[in-house]
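A.B. asks: Quick note, our numbering runs 212 ahead of the 1-based positions in the sequence shown. For every residue, glycine included, the Cβ atom is placed at its ideal position computed from N, Cα and C. Sharing a structure with you now.
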Amino acid sequence: MQRTLVFLKPNSIQRNLTGTILSRFEQKGLKLVALKMLNLTEEQARSLYAEHDGKDFFPPLLRFITSGPVVAAVFEGRDAVPVCRKLVGSTDPSVAEPGTIRGDFGSTVRKNLLHASDSRENADREIRVFFGESEIMNYDCCLEEQL
Ligand code: IDP
Ligand code: MG
Numbered sequence: 213m214q215r216t217l218v219f220l221k222p223n224s225i226q227r228n229l230t231g232t233i234l235s236r237f238e239q240k241g242l243k244l245v246a247l248k249m250l251n252l253t254e255e256q257a258r259s260l261y262a263e264h265d266g267k268d269f270f271p272p273l274l275r276f277i278t279s280g281p282v283v284a285a286v287f288e289g290r291d292a293v294p295v296c297r298k299l300v301g302s303t304d305p306s307v308a309e310p311g312t313i314r315g316d317f318g319s320t321v322r323k324n325l326l327h328a329s330d331s332r333e334n335a336d337r338e339i340r341v342f343f344g345e346s347e348i349m350n351y352d353c354c355l356e357e358q359l
């Protein structure tokens, strides 16, 4: 079973899309095992996007994701990392397929609503940026046999 990290960027919360977006993952059958709302520190933001350090969009990206509260979640399920990326859609909402979250609700690349981990290694690292092990829930799901 894989775990992946999703976080909703400040514009998702401000546009009242938090429930709508989280429901996409829930409806797919992914299991919500951790959830919190927080203001990212500069250090957390830098660590999340370290691979983009030095690019022209890096400073505005950091400013944007620290500009207001974000909502972070851990979802668990079979192939959770690629499944969540597929639900999220392409980085640029203008080319993201309809039916994906960015395709349906996104407007610009910079404000593309949310982040989802792109590999198992990054998922493990990113989960640790937001959550301690004791904040990740272990519970049986009554529908487990159907997932
Ligand atoms: P991803 O979020 O789909 O994984 P990445 O290429 O990892 O996309 O980029 C991280 C974030 O940086 C994107 O979600 C987007 O907000 C921002 N970003 C990426 N490319 C550009 C760009 O060309 N202009 C402005 N912002 C960008
Ligand atoms: Mg990325």
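If I'm right that L299 touches F237 with Cβ under 8 Å, what's the distance once you round it to whole angstroms?
C.D. replies: Taking the sequence shown and counting its residues from 1, the one referred to as residue 299 is at position 87. Taking the sequence shown and counting its residues from 1, the one referred to as residue 237 is at position 25. Right, their Cβ atoms sit about 6 Å apart.
A.B. asks: Just to confirm the assignment, what range does the beta strand (DSSP E) spanning L220 have?
C.D. replies: Taking the first residue of the sequence shown as position 1, residue 220 is located at position 8. First-last of the beta strand (DSSP E) with L220: Q214 to L220.
A.B. asks: Helix, strand or coil, according to DSSP, for P281 in the structure here?
C.D. replies: As a first step, residue 281 is located in the sequence shown; it is residue number 69 there, counting from the start. Three-state DSSP puts P281 in coil, outside helix and strand.
A.B. asks: Among F270, K240 and R322, which residue has its Cα nearest to the Cα of N288?
C.D. replies: Looking up residue 288 in the sequence shown gives position 76. A quick correction: the sequence has Glu, not Asn, at residue 288. Selected option, being the one with the closest Cα: K240.
A.B. asks: Can you tell me which residues form a DSSP beta bridge with V286?
C.D. replies: Your numbering for residue 286 matches position 74 in the sequence shown. According to DSSP, which records beta bridges pairwise, V286 is partnered with L217 and A246.
A.B. asks: Please go through the same chain and pick out, in chain order, the residues whose beta-carbon is closer than 8 Å to the beta-carbon of R258, but skip the five residues on each side of it.
C.D. replies: For the purposes of this step, residue 258 is identified with residue 46 of the sequence shown, where counting begins at 1. Counting only Cβ-Cβ distances below 8 Å, and skipping sequence neighbours, we find D265 and L274.
A.B. asks: DSSP on A328, reduced to helix/strand/coil?
C.D. replies: In the sequence shown, residue 328 corresponds to position 116, counting from 1. Reduced to three states, the DSSP call for A328 is strand.
A.B. asks: Let me check you understand the geometry: is the CB of D330 closer than 7 Å to at least one non-hydrogen atom of the ligand MG?
C.D. replies: Position 118 of the sequence shown, counted from the first residue, corresponds to residue 330. At least one heavy atom of the ligand MG is nearer than 7 Å to the Cβ of D330, so yes.
A.B. asks: Give me the Cβ distance between V286 and I339, rounded to the nearest whole Å; I'm assuming they're in contact under 8 Å.
C.D. replies: Position 74 of the sequence shown holds residue 286. Position 127 of the sequence shown holds residue 339. Right, the Cβ-Cβ distance comes to about 6 Å (below 8 Å), so this counts as a contact.
A.B. asks: Check the DSSP bridge columns for P310 and list the partner residues they point to.
C.D. replies: The residue you call residue 310 lines up with position 98 of the sequence shown. The partner list for P310 (beta bridge, DSSP) reads T312.
A.B. asks: For the alpha helix (DSSP H) containing A292, list its first residue and its last residue.
C.D. replies: One-based indexing of the sequence shown puts residue 292 at position 80. Here the alpha helix (DSSP H) through A292 covers A292 to V300.
A.B. asks: Using a Cβ-Cβ cut-off of 8 Å, state whether L326 counts as contacting chain B.
C.D. replies: Protein chains in the displayed structure number just one, and chain B is not present.
A.B. asks: If distances are taken between C-alpha atoms only, which option among F269, F342, V245 and G301 comes closest to D330?
C.D. replies: The residue given as residue 330 occupies position 118 in the sequence shown. D330 has its Cα closest to that of G301, out of F269, F342, V245 and G301.
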